[in-house]
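Colleague: In this text, residue positions in the sequence shown follow our numbering: the first is 286, and each later residue adds one.
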Amino acid sequence: MVAPGFIDAHTHSDTAAIDAVDAVDGAEGRLDTAQVFASVVQGVTTEIAGNCGHSVFPGRYSGLAALGRVHSAIGRVNHLASLIGHGTVRAAVVGYSARAASASEITRMAAVVDEALAAGAVGFSTGLIYTPGSYADTAEVTALARVAARHGKPYVTHLRDEMAGVEGALEEAIAIARNSGAALHVSHHKTAGKFAWGRTEVTLARLAGLRDAGMDVTCDVYPYTAGSTGLGAMLPPWAHDGGPARLLARLREAGQRDLLRKAIAEGVPGWENTVGNGGWDRIVVAGAPRHAGYQGRTIADLAGAAGVDALDLVAELLLAEDGDVTIISHSMREDDVRRVLAAPFAMIGSDGVPKPGLPHPRWAGSFARVLGHYAREEGLFGLPEAVRKMTGAPAARFGLTDRGVLRDGAHADLVVFDAARISDRATFAEPLLPPTGVRLVVVGGAVVVRDGTVLRDRVATGAGPGRVLAC
Ligand SMILES: [Zn+2]
Numbered sequence: 286m287v288a289p290g291f292i293d294a295h296t297h298s299d300t301a302a303i304d305a306v307d308a309v310d311g312a313e314g315r316l317d318t319a320q321v322f323a324s325v326v327q328g329v330t331t332e333i334a335g336n337c338g339h340s341v342f343p344g345r346y347s348g349l350a351a352l353g354r355v356h357s358a359i360g361r362v363n364h365l366a367s368l369i370g371h372g373t374v375r376a377a378v379v380g381y382s383a384r385a386a387s388a389s390e391i392t393r394m395a396a397v398v399d400e401a402l403a404a405g406a407v408g409f410s411t412g413l414i415y416t417p418g419s420y421a422d423t424a425e426v427t428a429l430a431r432v433a434a435r436h437g438k439p440y441v442t443h444l445r446d447e448m449a450g451v452e453g454a455l456e457e458a459i460a461i462a463r464n465s466g467a468a469l470h471v472s473h474h475k476t477a478g479k480f481a482w483g484r485t486e487v488t489l490a491r492l493a494g495l496r497d498a499g500m501d502v503t504c505d506v507y508p509y510t511a512g513s514t515g516l517g518a519m520l521p522p523w524a525h526d527g528g529p530a531r532l533l534a535r536l537r538e539a540g541q542r543d544l545l546r547k548a549i550a551e552g553v554p555g556w557e558n559t560v561g562n563g564g565w566d567r568i569v570v571a572g573a574p575r576h577a578g579y580q581g582r583t584i585a586d587l588a589g590a591a592g593v594d595a596l597d598l599v600a601e602l603l604l605a606e607d608g609d610v611t612i613i614s615h616s617m618r619e620d621d622v623r624r625v626l627a628a629p630f631a632m633i634g635s636d637g638v639p640k641p642g643l644p645h646p647r648w649a650g651s652f653a654r655v656l657g658h659y660a661r662e663e664g665l666f667g668l669p670e671a672v673r674k675m676t677g678a679p680a681a682r683f684g685l686t687d688r689g690v691l692r693d694g695a696h697a698d699l700v701v702f703d704a705a706r707i708s709d710r711a712t713f714a715e716p717l718l719p720p721t722g723v724r725l726v727v728v729g730g731a732v733v734v735r736d737g738t739v740l741r742d743r744v745a746t747g748a749g750p751g752r753v754l755a756c
């Protein structure tokens, strides 16, 4: 089969390629090239970054053009496009305080979002479970989504709650889209945690109804029943008030730990509370560089083995890792995942987080898994529909003109795969195993993958054909 190169609608790979080159240079990089190439060896020729409210500009990079220059210098293997992230903009303008933004701060944030979208960012993203984005009220987000609407670009959101409160959080997103005039794209749609299992029947019907009524609404989804995020996101928003250093200071205090235990046990209004919706036995440590032996084990298991309370183990782990611990959360049900995958307005986004340790296999497996497991083996949809969900649909959503299609004059981003053989091999135990069945990947007219192998000489030398796209 020859298809347009796949477009990953949702990644956190913003700096993965840069971090890998830093590692080669012996600097403070932490990724190896297998982690960077896990996407392109599946046939992904464009990655959409800047998701969940987190873009690497303004901040680590001044803007999209600056990010583009760095990626150009290292020679990316495939293309990257980015959203402008609300949390990043809020951190730059308001800081990490748990408070509403003032009118003048909202005006300044709007100017930053406007500049990024004018420079070619493909939409405006929020991550309303993550601080400092979670401190924003609906009106603030609406004001900023209005800027996206002016540019004809979508409002892309990690909902404020994907668990017990998912329907209310979806209504907030719908209201933001309606009142701003922006198209709505729901990120990694799911109804997770035991209180929300089965509710995709309601949420998908709601989105379908809006589409029938003429609203531009889409979503992305990854083909797994587990999610992945930072361990810190298991703690309530107030724990993060003031920023990362303040979080660590709180974790050192016994009294604060008791308050955290109570918050998780009883909940906090407006807070998703993953652990309260599941339990520490569903949270697996994925990445903790100084605790390699913890990786692949649940918090409940580790706490039991150490004879300590789970929250104390979490606090000590976060302190020892300077707050940077990645987890996998086994929080979803298969019928919900299948229902979202099959929705005609759902496209494929890996939500990949290329990190060391035992990252979620979705980064290295999502595209081959949809084509192999869900389309060919399970017959959830046909091959053409599976391909559309990873090519034409995301290209249209993010305004990637002349990509996601095979036609004269379009960009030569292509993948050649064996439809009878393509399969994912990445697992939770071996998360970076490349897929089988991908023959050839072409980016911008240059062959970058042949028989499943990246032609490294073309990309490790600064001559890779991938670019940061401005749209
Ligand atoms: Zn997210």
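Yeah, the Cβ is synthetic: ideal placement off N, Cα and C, and Gly gets one too.
Going by DSSP, what residue range makes up the alpha helix (DSSP H) through A496?
Modeller: For the purposes of this step, residue 496 is taken as the residue at position 211 of the sequence shown. The sequence given here places Arg at residue 496; Ala does not occur at that position. Run containing R496: T485 to D497, per the alpha helix (DSSP H) assignment.
Colleague: Ignoring anything shorter than 3 residues or poking outside the segment 399-428, list the beta strand (DSSP E) runs there in chain order.
Modeller: List check, beta strand (DSSP E) in window: 409-412.
Colleague: With a CB to CB cut of under 6 Å and the five nearest residues on each side skipped, what residues in its chain are close to A711?
Modeller: To locate residue 711, count along the sequence shown from 1; it is residue 426. The answer, listed in chain order, is P646, A649, G650 and L718.
Colleague: For E400 and A697, I'd like the C-alpha separation in whole angstroms.
Modeller: As a working note, residue 400 is residue 115 in the sequence shown. As a working note, residue 697 is residue 412 in the sequence shown. C-alpha separation (whole angstroms): 29 Å.
Colleague: Reducing DSSP to helix, strand and coil, say where V442 ends up.
Modeller: Taking the sequence shown and counting its residues from 1, one reaches residue 442 at position 157. First, the amino acid is wrong: residue 442 is Thr here, not Val. The answer is strand: DSSP assigns T442 an E or B state.
Colleague: Within the continuous beta strand (DSSP E) that includes I613, where are the two ends?
Modeller: On the sequence shown, position 328 is the one that residue 613 refers to. Looking at the DSSP string, the run of the beta strand (DSSP E) that includes I613 is T611 to S614.
Colleague: Can you tell me whether E662 is helix, strand or coil according to DSSP?
Modeller: Walking along the sequence shown from the start, residue 662 turns up at place 377. DSSP places E662 in helix when its eight states are reduced to three.
Colleague: Quick one: grab the DSSP three-state call for H474.
Modeller: For the purposes of this step, residue 474 is identified with residue 189 of the sequence shown, where counting begins at 1. Note: H474 maps to coil in three-state DSSP.
Colleague: Taking 5 Å as the limit, tell me which residues put their C-beta closer than that to any heavy atom of ligand 1, in chain order.
Modeller: Having a Cβ closer than 5 Å to some heavy atom of ligand 1 are C337 and H443.
Colleague: Helix, strand or coil for I707? Go by DSSP, reduced to three states.
Modeller: Within the sequence shown, residue 707 is the residue found at index 422, counting from 1. Note: I707 maps to coil in three-state DSSP.
Colleague: Taking just the CA atoms, how far does V321 sit from A351?
Modeller: For this step, residue 351 is matched to residue 66 along the sequence shown. For this step, residue 321 is matched to residue 36 along the sequence shown. Near 20 Å, if we compare the C-alpha coordinates of V321 and A351.
Colleague: How about the segment 481-495 and the segment 540-557: do they share at least three Cβ pairs that are nearer than 8 Å?
Modeller: At 8 Å Cβ cutoff, the stretches do not touch.
Colleague: Just verifying my parser: in three-state terms, what is the DSSP assignment at H371?
Modeller: Position 86 of the sequence shown holds residue 371. Reduced to three states, the DSSP call for H371 is helix.
Colleague: Can at least three beta-carbon pairs, one atom from the segment 375-386 and one from the segment 486-500, be found at a separation below 8 Å?
Modeller: No, they do not touch.
Colleague: Name, in chain order, the residues that DSSP records as bridge partners for T296.
Modeller: The residue given as residue 296 occupies position 11 in the sequence shown. BP columns for T296 point to G637.
Colleague: May I have the straight-line CA-CA distance separating P521 from T686, to the nearest angstrom?
Modeller: The count along the sequence shown starts at 1 and reaches residue 521 at position 236. The count along the sequence shown starts at 1 and reaches residue 686 at position 401. Whole-angstrom Cα-Cα distance: 41 Å.
Colleague: Going by beta carbon distance, what residues of the same chain come within less than 7 Å of V638, once the five residues before and after it are set aside?
Modeller: Within the sequence shown, numbered from 1, the residue matching residue 638 stands at position 353. Excluding sequence neighbours, V638 sits near H297, S513, T611, P644, H645 and W648.
Colleague: Measuring CB to CB, does V506 end up less than 8 Å from V341?
Modeller: Mapped onto the sequence shown, residue 506 falls at position 221. Mapped onto the sequence shown, residue 341 falls at position 56. Cβ atoms of V506 and V341: not closer than 8 Å.
Colleague: Determine which residues share a DSSP beta bridge with F702 and list them.
Modeller: Counting from 1 along the sequence shown, the entry for residue 702 is found at position 417. F702 is bridged to V723.
Colleague: Is the beta carbon of M632 less than 8 Å from the beta carbon of A695?
Modeller: Locating residue 632 in the sequence shown gives position 347, where the first residue counts as 1. Locating residue 695 in the sequence shown gives position 410, where the first residue counts as 1. No, these two residues do not count as a Cβ contact at 8 Å.
Colleague: Look up S651 in the DSSP assignment and say whether it is helix, strand or coil.
Modeller: For the purposes of this step, residue 651 is taken as residue 366 along the sequence shown, with counting starting at 1. Three-state DSSP puts S651 in a helix.
Colleague: Less than 8 Å between the C-beta atoms of G608 and L532, yes or no?
Modeller: For the purposes of this step, residue 608 is taken as the residue at position 323 of the sequence shown. For the purposes of this step, residue 532 is taken as the residue at position 247 of the sequence shown. In contact: G608 and L532 (Cβ atoms closer than 8 Å).
Colleague: Please classify K547: is it buried, with 16 or more other beta-carbons within 10 angstroms of its beta-carbon, or exposed?
Modeller: Looking up residue 547 in the sequence shown gives position 262. With fewer than 16 other Cβ atoms within 10 Å, it is exposed.
Colleague: Check each candidate in F291, I333 and A288 and name the one with the smallest Cα separation from A301.
Modeller: Counting from 1 along the sequence shown, the entry for residue 301 is found at position 16. Ranking the options by Cα distance to A301, first place goes to I333.
Colleague: In terms of residues, what are the limits of the beta strand (DSSP E) holding P289?
Modeller: Counted from its first residue, the sequence shown places residue 289 at position 4. Where P289 is concerned, the enclosing beta strand (DSSP E) stretches over V287 to P289.
Colleague: In chain order, what residues of the same chain lie with their CB nearer than 6 Å to the CB of G642, ignoring the 5 residues before and after it?
Modeller: Locating residue 642 in the sequence shown gives position 357, where the first residue counts as 1. These residues qualify, in order along the chain: A571, G572 and Q580.
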